[in-house]
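A.B. asks:
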Amino acid sequence: MFTFSREDLVTLAKHQDRWAVSLYMALHPKNGERRQSAIQLRQLLKEAEQRLSANGAPGSVQRALLDPAHALVEEMPFWESIGDGLALFSAPELFRSYQCPAHFSDRVVVARHLYVKPLLPWLSEMGTFYVLTLSENHVALLRGTRAGLSQVPMVEVPQSLKQALESEQVEKQHQVRTIAPVVGTAGRMALYYGQGQGTDDEKQRLVRFFAMVNRGVEKALRPEHAPLVVAGVDYLIPLYRQVNDYPGLCEEFIPGNPDARRMDELYARAWEIVQSYFKAPLAQALVQYQKLAGTRRTCHTLSQVLPAAFQARIEILFLQDGGAKWGYFHPETGALSEYDQSAGNDEELLNLAALETLRGEGDVYLLRADDMPAAALAAAILRY
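My numbering puts the first residue of the sequence shown at 660, with every later residue one more than the last.
1) Tell me whether residue 776 is buried or exposed, calling it buried when 16 or more other Cβ atoms sit within 10 Å of its Cβ.
2) Run the CB neighbour count on residue 993, radius 10 Å, all protein chains shown included, and call it buried at 16 or more, exposed below.
3) Secondary structure at residue 698, three-state DSSP: helix, strand or coil?
4) Are there 16 or more other CB atoms within 10 angstroms of the CB of residue 1016, so buried, or fewer, so exposed?
5) Would residue 1019 and residue 968 be called neighbours here (beta carbons separated by less than 8 Å)?
6) Keeping to the same chain, check which residues put their C-beta closer than 8 Å to that of residue 727; ignore five residues upstream and five downstream.
7) Please report the residue range of the beta strand (DSSP E) in which residue 998 lies.
8) At the level of alpha carbons, what is the spacing between residue 913 and residue 941?
9) Quick check on the burial criterion: 16 or more other C-beta atoms within 10 angstroms. Buried or exposed for residue 815?
10) Can you list, in chain order, the residues of its chain whose CB lies under 6 Å from that of residue 843, leaving out five sequence neighbours each side?
11) Could you tell me whether the Cβ atoms of residue 745 and residue 890 are closer together than 8 Å?
12) Give the straight-line distance between the Cα atoms of residue 804 and residue 1028, rounded to the nearest whole angstrom.
13) Run through the DSSP bridge pairs and tell me what residue 758 is partnered with.
14) If I'm right that residue 868 touches residue 817 with Cβ under 8 Å, what's the distance once you round it to whole angstroms?
15) How many Å lie between residue 752 and residue 724 at the Cα?
16) So which of 916, 938, 917 and 895 has the shortest CA-CA distance to residue 886?
17) Taking the DSSP output, what are the residues bridged to residue 678?
18) By Cβ distance, which residues of its chain are closer than 8 Å to residue 1007, with the 5 residues on each side in sequence left out?
19) Can you tell me the Cα-Cα spacing of residue 1035 and residue 798, whole angstroms?
20) Between residue 909 and residue 760, what straight-line distance do the alpha-carbon atoms span, to the nearest angstrom?
21) Out of curiosity, what's the CA-to-CA distance linking residue 924 and residue 802?
22) Could you tell me whether the Cβ atoms of residue 796 and residue 918 are closer together than 8 Å?
23) CB-CB under 7 Å to residue 1033, same chain, minus the five flanking residues each way: which ones, in chain order?
24) Leaving aside the five residues before and after residue 695 along the sequence, list all residues of the same chain whose C-beta is less than 6 Å from its C-beta, in chain order.
25) Determine which residues share a DSSP beta bridge with residue 901 and list them.
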């Protein structure tokens, strides 16, 4: 399962050395095309090697940075279950690879910092949410991103009420068994049953079934707090709420039999429910920028944004999606050089601003040009 948190991004942001490699590529999840993904990775690693050489990295450094990635090329289990995109980062004492549910353009960046800008949407409005489809015949947990829905495996969870009842029969030698904790601060409901005691009651059977499902959801999603939308017929929803432990469960749900819905229908209905969850902090930030515009609490030029980022003064940073500006920034002197194209050994300055903002515990949003609060590649709300 693809998981990527702010903590992951901050870990990447903290790495700075003379050479660091960031690699993005599209993956081919279909069985017949997976080998093509491995071949493509090998080709991009060759490009990374050439760029490291051009930047003066000795052979020992190149091997240290690229050998872990080369090992992935031949690691067949890695390619057996892949997403739509691969993000790979290598720096001294760090190697991370993420199979992402999003399509990336093939790209290799060699610089002093890791290039994380394509991953920023996962920390803002286009983050991850989940859909739990509930029916007596089938249960499924789905992960939602801007790329669509994909199934999340749940360990030791019956896939249907029938399967749950069969499991109960196997364990029925226990005279009394607790299915859920006693009512407490969490408001959970305790159900006790033994032979011949409530086992024929349909509602009790469903609640016990949903308690098993809840445990599977907990194991699959913890420690996340992403929103979870339940899809099911009306009478099932309150029964599931009785046993739910997951803190991100949404109040709204998708009514009707989910077994009769296409995946794209589920995605559209779920997004209607969760979009306000993702968009609310951004909407508030944009309003805040407009209130402060023209004061010393906002700025929208790189000559202002970059020093503020290095001084941990940025509370919220807005970056234009698809925008780029290359060059050099020297935090000690404030000297800044900007170029529209990379010279091969410089930094992407918007990415640099994002990294330093994250290190300073600020928030970063990647926006379309029309949604930027100022007509600029970068804009920021300052703490002071």
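By construction, the Cβ of each residue, glycine as well, lies at the ideal position given by its N, Cα and C atoms.
C.D. replies: If we stick to the structure as given:
1) Stepping through the sequence shown from its first residue, residue 776 is reached at position 117. The residue is buried, with at least 16 neighbouring Cβ atoms inside 10 Å.
2) As a working note, residue 993 is residue 334 in the sequence shown. Per the 10 Å Cβ criterion, exposed.
3) Within the sequence shown, numbered from 1, the residue matching residue 698 stands at position 39. Residue 698: helix per DSSP, three-state reduction.
4) Numbered from its first residue, the sequence shown carries residue 1016 at position 357. Classification for residue 1016: buried.
5) For the purposes of this step, residue 1019 is taken as residue 360 along the sequence shown, with counting starting at 1. For the purposes of this step, residue 968 is taken as residue 309 along the sequence shown, with counting starting at 1. In contact: residue 1019 and residue 968 (Cβ atoms closer than 8 Å).
6) Numbered from 1 along the sequence shown, position 68 holds the residue referred to as residue 727. Hits under 8 Å: 749 and 754.
7) Working through the sequence shown from its first residue, we reach residue 998 at position 339. Where residue 998 is concerned, the enclosing beta strand (DSSP E) stretches over 994-998.
8) For the purposes of this step, residue 913 is taken as the residue at position 254 of the sequence shown. For the purposes of this step, residue 941 is taken as the residue at position 282 of the sequence shown. Roughly 25 Å between the two C-alpha positions.
9) Here the question's residue 815 lines up with position 156 in the sequence shown. Answer is exposed; the Cβ neighbour count stays below 16.
10) Looking up residue 843 in the sequence shown gives position 184. Legend: pLDDT at residue 843 = 43, less than 50; position of this residue unreliable, no value from coordinates given.
11) On the sequence shown, position 86 is the one that residue 745 refers to. On the sequence shown, position 231 is the one that residue 890 refers to. Cβ atoms of residue 745 and residue 890: not closer than 8 Å.
12) Position 145 of the sequence shown, counted from the first residue, corresponds to residue 804. Position 369 of the sequence shown, counted from the first residue, corresponds to residue 1028. Cα-Cα distance, rounded: 22 Å.
13) Locating residue 758 in the sequence shown gives position 99, counting from the first residue. For residue 758, which the question treats as bridged, DSSP gives the partners 745.
14) Residue mapping note: residue 868 aligns to position 209 of the sequence shown, counting from 1. Residue mapping note: residue 817 aligns to position 158 of the sequence shown, counting from 1. So it is a contact: roughly 7 Å between Cβ atoms.
15) Counting from one through the sequence shown, the residue named residue 752 turns up at place 93. Counting from one through the sequence shown, the residue named residue 724 turns up at place 65. Approximately 9 Å between the Cα atoms of the pair.
16) One-based indexing of the sequence shown puts residue 886 at position 227. Checking every option, the nearest Cα to that of residue 886 belongs to 938.
17) In the sequence shown, counting from the first residue as 1, residue 678 sits at position 19. Answer is none; residue 678 lacks a bridge partner.
18) Position 348 of the sequence shown, counted from the start, is the residue given in the question as residue 1007. The residues are 768, 770, 774, 776, 983, 984, 985 and 1001.
19) By one-based count along the sequence shown, residue 1035 stands at place 376. By one-based count along the sequence shown, residue 798 stands at place 139. Approximately 47 Å between the Cα atoms of the pair.
20) As a first step, residue 909 must be located in the sequence shown, where it is residue number 250. As a first step, residue 760 must be located in the sequence shown, where it is residue number 101. Distance between the alpha carbons of residue 909 and residue 760: 22 Å.
21) By 1-based counting over the sequence shown, the position of residue 924 is 265. By 1-based counting over the sequence shown, the position of residue 802 is 143. Cα-Cα distance, rounded: 14 Å.
22) Position 137 of the sequence shown holds residue 796. Position 259 of the sequence shown holds residue 918. Yes, the pair counts as a contact, with Cβ atoms nearer than the cut-off.
23) Here residue 1033 corresponds to residue number 374 of the sequence shown, with the count starting at 1. For residue 1033, where only same-chain residues beyond five positions count, the Cβ hits under 7 Å are 959.
24) Here residue 695 corresponds to residue number 36 of the sequence shown, with the count starting at 1. Only 687 meet the Cβ criterion.
25) In the sequence shown, counting from the first residue as 1, residue 901 sits at position 242. Note: residue 901 sits in no beta bridge, so no partner.
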